[in-house]
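Numbering (the working numbering), first residue to last: 4 to 683.
For reference, the structure is listed below as structure tokens.
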Amino acid sequence: MQDDPVFDSYHQLNQTFRWVSNFRVGPHRNVSAYRSMHRERKYDDFTNLRVHLTFPNTVDFDQFLRSDPLNARQQLIGQLQNEVMAVFRPEVAATIADIWMEQNFIPFTISKSLDSDVNLVEEFYRLQEKVNNSQVSVHLGPAGTVTASAASYQGTFELLCPRKCSDGVDKMSCMTIPGCDWSDYDKNKTCQNNALLAESIVTKVFFPCADFTSLPQDERTQVLSNFRNQLYGHLPNVSAKALHSFKFEENSADIIQFTLQGTMRDPTLNKTYSRLEELFHWQRGFTVGPDTNRAKYRARNPEDFTNIRMKLVYNGTNFDNEFGQSLTARQQFTSEIRRSLSVAISNPDVTATLDNFWMEKDYIPFTFSKPVDSPVSLLHLVDNVRAAIQAEVLRVIEAKKFVPPKVEWFGSFHELCPKDCSEGGNSSSCDQIPGCDWGDYDVPPICSNNSYLVERKNVTVFFPCMDLGSLSLKEAEEIRENFQASIRALLPNVSSKAIHSFMFNLPRSLSFILQGTMQDPPVVESLGILQRGLQSNFAVGPNSDPNKYTATTSDGFTMVHVKFSFKNADLVNVLKKNPLTARQEVEQSVHTIVDMVLNKTIANRVQDIRIDQRHISFAITKPPGSPLDLMDHAKRLEAEVGVGSIHVTIEGVNRVPTGVSVTGSNQDICPITCSERYKM
Numbered sequence: 004m005q006d007d008p009v010f011d012s013y014h015q016l017n018q019t020f021r022w023v024s025n026f027r028v029g030p031h032r033n034v035s036a037y038r039s040m041h042r043e044r045k046y047d048d049f050t051n052l053r054v055h056l057t058f059p060n061t062v063d064f065d066q067f068l069r070s071d072p073l074n075a076r077q078q079l080i081g082q083l084q085n086e087v088m089a090v091f092r093p094e095v096a097a098t099i100a101d102i103w104m105e106q107n108f109i110p111f112t113i114s115k116s117l118d119s120d121v122n123l124v125e126e127f128y129r130l131q132e133k134v135n136n137s138q139v140s141v142h143l144g145p146a147g148t149v150t151a152s153a154a155s156y157q158g159t160f161e162l163l164c165p166r167k168c169s170d171g172v173d174k175m176s177c178m179t180i181p182g183c184d185w186s187d188y189d190k191n192k193t194c195q196n197n198a199l200l201a202e203s204i205v206t207k208v209f210f211p212c213a214d215f216t217s218l219p220q221d222e223r224t225q226v227l228s229n230f231r232n233q234l235y236g237h238l239p240n241v242s243a244k245a246l247h248s249f250k251f252e253e254n255s256a257d258i259i260q261f262t263l264q265g266t267m268r269d270p271t272l273n274k275t276y277s278r279l280e281e282l283f284h285w286q287r288g289f290t291v292g293p294d295t296n297r298a299k300y301r302a303r304n305p306e307d308f309t310n311i312r313m314k315l316v317y318n319g320t321n322f323d324n325e326f327g328q329s330l331t332a333r334q335q336f337t338s339e340i341r342r343s344l345s346v347a348i349s350n351p352d353v354t355a356t357l358d359n360f361w362m363e364k365d366y367i368p369f370t371f372s373k374p375v376d377s378p379v380s381l382l383h384l385v386d387n388v389r390a391a392i393q394a395e396v397l398r399v400i401e402a403k404k405f406v407p408p409k410v411e412w413f414g415s416f417h418e419l420c421p422k423d424c425s426e427g428g429n430s431s432s433c434d435q436i437p438g439c440d441w442g443d444y445d446v447p448p449i450c451s452n453n454s455y456l457v458e459r460k461n462v463t464v465f466f467p468c469m470d471l472g473s474l475s476l477k478e479a480e481e482i483r484e485n486f487q488a489s490i491r492a493l494l495p496n497v498s499s500k501a502i503h504s505f506m507f508n509l510p511r512s513l514s515f516i517l518q519g520t521m522q523d524p525p526v527v528e529s530l531g532i533l534q535r536g537l538q539s540n541f542a543v544g545p546n547s548d549p550n551k552y553t554a555t556t557s558d559g560f561t562m563v564h565v566k567f568s569f570k571n572a573d574l575v576n577v578l579k580k581n582p583l584t585a586r587q588e589v590e591q592s593v594h595t596i597v598d599m600v601l602n603k604t605i606a607n608r609v610q611d612i613r614i615d616q617r618h619i620s621f622a623i624t625k626p627p628g629s630p631l632d633l634m635d636h637a638k639r640l641e642a643e644v645g646v647g648s649i650h651v652t653i654e655g656v657n658r659v660p661t662g663v664s665v666t667g668s669n670q671d672i673c674p675i676t677c678s679e680r681y682k683m
């Protein structure tokens with residue numbers, strides 16, 4: 004029996020109208036606009052589904068995304084995928100895409116291949132059942148966990164009837180097109196496949212040595228243009244709309260900022276941000292500049308300081324008082340703090356740079372640094388110092404009692420962009436320049452790398468043979484100038500700033516001030532050098548005789564002449580009767596008196612004992628360089644004579660002096676004539 008011709012025709016038509024036969028029809032303007040499909044697919048057997056999860060109205064995903072623009076979206080996407088992948092078949096779960104959460108909704112898409120037997124609507128119903136049972140939730144950090152309250156879908160045959168984003172004329176129609184979203188955050192709202200997302204982050208790039216504010220406007224424009232073009236060149240996979248709003252940061256001279264914007268198709272913000280951090284690392288050498296020098300400025304992490312100035316503030320302490328009273332205290336404190344900091348910092352290369360311990364008032368400042376290419380984090384070392392203080396390891400004052408200081412610090416890039424102290428116009432700005440200090444003891448106060456310290460010593464040099472009153476003005480000025488030059492020659496490593504205020508002191512000394520400074524050796528060290536130099540035949544004089552006057556290390560006479568008076572006595576006649584015995588008795592009595600009343604070292608230096616009719620006189624001297632004040636000692640004799648407690652034995656008779664005179668001289672080092680001697 005032959006086949007039914009009607010059946011054959013029907014079968015042939017079925018084959019003709021199948022999707023794979025590509026039968027098309029349309030109006031005259033586009034005769035192939037539509038493609039036929041004959042009973043191959045149910046009306047709800049969609050190839051694409053856009054699923055909407057609705058959360059309570061109190062949920063604001065936009066706010067959550069903005070709160071952590073680098074991580075929040077990825078965290079939400081990860082949570083949602085974990086929730087729904089367990090519901091869908093693996094082949095459907097693998098197609099989850101376009102998770103663009105906004106307001107209190109989380110939409111996403113799923114799809115299948117044309118030859119798949121999976122029904123996406125049935126897949127959705129399984130998810131909807133979990134939503135209805137309050138089993139689909141996401142965690143929003145501090146806001147807690149929120150649970151989806153409803154689920155809906157929109158099905159399309161996108162694989163069969165693909166559309167472009169431009170076909171979406173409003174938000175509702177746009178949302179039915181897979182891969183497209185309505186650009187709520189664009190100035191011109193349209194349906195597009197790379198719409199802006201809620202989250203963005205302002206990114207700042209620091210150029211430590213730049214001063215963009217000083218550039219002419221045309222060069223400022225060139226810098227921004229060159230920066231933008233360089234950035235696009237380094238990030239070829241990031242669209243221009245994800246990097247925008249390039250400008251110089253307000254109130255800053257060295258920062259360029261731009262907005263890193265989340266979009267639908269660009270890499271996630273955290274990925275791009277990580278690439279930017281690496282790009283702007285010092286070792287990468289990212290540079291920018293005007294057209295005349297496009298490599299003028301080099302980017303650097305703003306926290307990768309090359310220099311740190313720390314300040315330990317001890318409330319209630321006054322270091323100026325401590326150092327003003329002791330010339331050795333600063334060295335002791337510096338040694339102690341340096342040793343403690345070296346342990347706390349624990350980086351030999353950095354501890355070797357510890358410097359500028361200029362303790363004053365109630366604080367101890369100090370600095371440390373690193374080479375510009377060093378990977379060491381100075382901020383980490385600041386934390387080490389803080390930790391050492393908290394652990395009571397860093398002890399600077401009071402060895403037995405821990406005194407916790409307030410810690411202040413300031414980071415800079417002095418190794419890259421050195422500043423001169425003259426740029427510190429006040430105490431605050433001066434403190435920010437490594438190696439500089441505000442000179443509270445300078446007049447007027449200035450920012451300097453060699454400011455005065457509180458330690459100072461008024462040094463007086465005695466010239467016992469000099470009589471200022473007998474010098475001409477010309478000779479006196481020549482002596483002062485020669486003295487100043489000789490003192491500076493003794494201290495060649497001490498700056499002229501530290502040695503000042505040279506002047507005469509009547510009648511026979513010159514003085515000057517030795518002042519502590521930041522850069523000069525400690526005052527106590529310079530004093531030691533001075534003392535040794537002054538003891539080595541240090542001499543000054545006018546130009547005609549530059550070595551005329553020799554210095555001594557202390558004031559006072561080197562010889563004192565004492566004369567005892569005896570009323571109604573004729574000592575000469577006594578001596579005539581028994582000259583040898585009587586003289587020996589007188590000399591023995593004088594030595595006994597001096598030994599009893601004065602210093603024993605002086606008793607051995609009695610000389611020139613003389614006897615006349617009513618007087619016994621003698622001289623006493625002191626060892627070279629001795630600090631003894633002979634006049635002070637000799638005046639004790641006056642007191643003893645006044646109360647009649649001393650006597651001279653002659654021929655067995657104790658004779659009590661009725662008076663005494665004391666006269667000082669430097670005769671032993673400044674010889675005088677006999678006529679001058681008897682004028683005393």
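Beta carbons are placed, not taken as given, at the ideal position from N, Cα and C, and that holds for glycine.
This one's a predicted model, so the numbers in the text were calculated from it and none came from an experiment.
For the options Lys-460, Val-462, Asp-445, Asn-461, the alpha carbon positioned closest to that of Ser-454 is the one of Asp-445.
Pairing Thr-57 with Ser-116 gives a Cβ-Cβ distance that is not under 7 Å. Rounded to the nearest angstrom, the gap between the Cα atoms of Thr-520 and Pro-368 is 15 Å.
C-alpha of Asn-232 to C-alpha of Gly-292: approximately 12 Å in a straight line. The straight-line gap separating the alpha-carbon atoms of Leu-246 and Glu-280 is approximately 15 Å. DSSP, read as helix, strand or coil, puts Asp-358 in strand. Residue burial annotation: His-564 is buried, with at least 16 other C-beta atoms found within 10 angstroms of its C-beta.
The closest CA to that of Phe-371, considering only Asp-352, Lys-364, Asp-365, is found on Asp-352.
In the DSSP annotation of this structure, the continuous segment of the beta strand (DSSP E) that includes Asn-508 starts and ends at 502 to 508. In the structure shown, Arg-389 falls within a helical segment according to DSSP collapsed to helix, strand and coil. Distance from the CA of Arg-511 to the CA of Ser-629, rounded to the nearest whole angstrom, comes to 18 Å. Bounds of any beta strand (DSSP E) do not take in Lys-579; it lies within the alpha helix (DSSP H) bounded by 574 to 580. Annotation: Gln-670 is outside any beta strand (DSSP E) and is labelled neither H nor E by DSSP.
One alpha carbon belongs to Asp-63, the other to Gln-106, and they sit about 5 Å apart.
Proximity to Phe-215 across Thr-50, Asn-273, Lys-250 peaks at Lys-250, based on C-alpha coordinates. Annotation for His-636: the continuous alpha helix (DSSP H) segment containing it runs 633 to 645. Cys-439 counts as buried, since no fewer than 16 other beta carbons sit within 10 angstroms of its beta carbon. Here Arg-608 is not near Gln-518, since their CB atoms are 7 Å or more apart. Straight across, the Cα-Cα distance linking Ile-204 with Thr-262 is about 6 Å.
The Cβ-Cβ distance between Val-663 and Leu-640 falls below 7 Å.
Under the Cβ criterion (8 Å, minimum of three pairs), the segment 117 to 129 counts as touching the segment 88 to 95. In its chain, beyond the 5 residues on either side, Ile-99 have a beta carbon closer than 7 Å to the beta carbon of Gln-84. The three-state secondary structure of Ser-349, taken from DSSP, is coil. Secondary structure at Gly-662: strand, using DSSP grouped into helix, strand and coil. With contact defined as three or more Cβ pairs closer than 8 Å, the segment 205 to 214 and the segment 271 to 291 are in contact.
Per DSSP, His-417 lies in no beta strand (DSSP E) segment and is marked neither H nor E. Restricting attention to Arg-617, Ser-539, Leu-633, Met-599, the CA atom closest to the CA of Met-562 is found in Leu-633.
In the same chain as Cys-420, and ignoring 5 residues on each side of it, the C-beta atoms closer than 6 Å to its own belong to Pro-211, Cys-212, in chain order. Look at the segment 230 to 298 and you find these whole runs of alpha helix (DSSP H), each 4 residues long or longer: 272 to 282. Counting only the Cα atoms, Thr-320 lies some 35 Å from Arg-491. Per the coordinates, the alpha-carbon of Phe-505 lies some 35 Å from the alpha-carbon of Gln-435. For Phe-567, the three-state secondary structure derived from DSSP is strand. Residue burial annotation: Gln-195 is buried, with at least 16 other C-beta atoms found within 10 angstroms of its C-beta.
Trp-361 places its beta carbon 7 Å or farther from that of Val-385. Shortest Cα-Cα distance from Lys-566 to any of Thr-61, Thr-275, Gly-667, Val-543 involves Gly-667. By the Cβ criterion, the segment 67 to 83 is not in contact with the segment 182 to 191, since fewer than three pairs of Cβ atoms, one from each stretch, lie closer than 8 Å.
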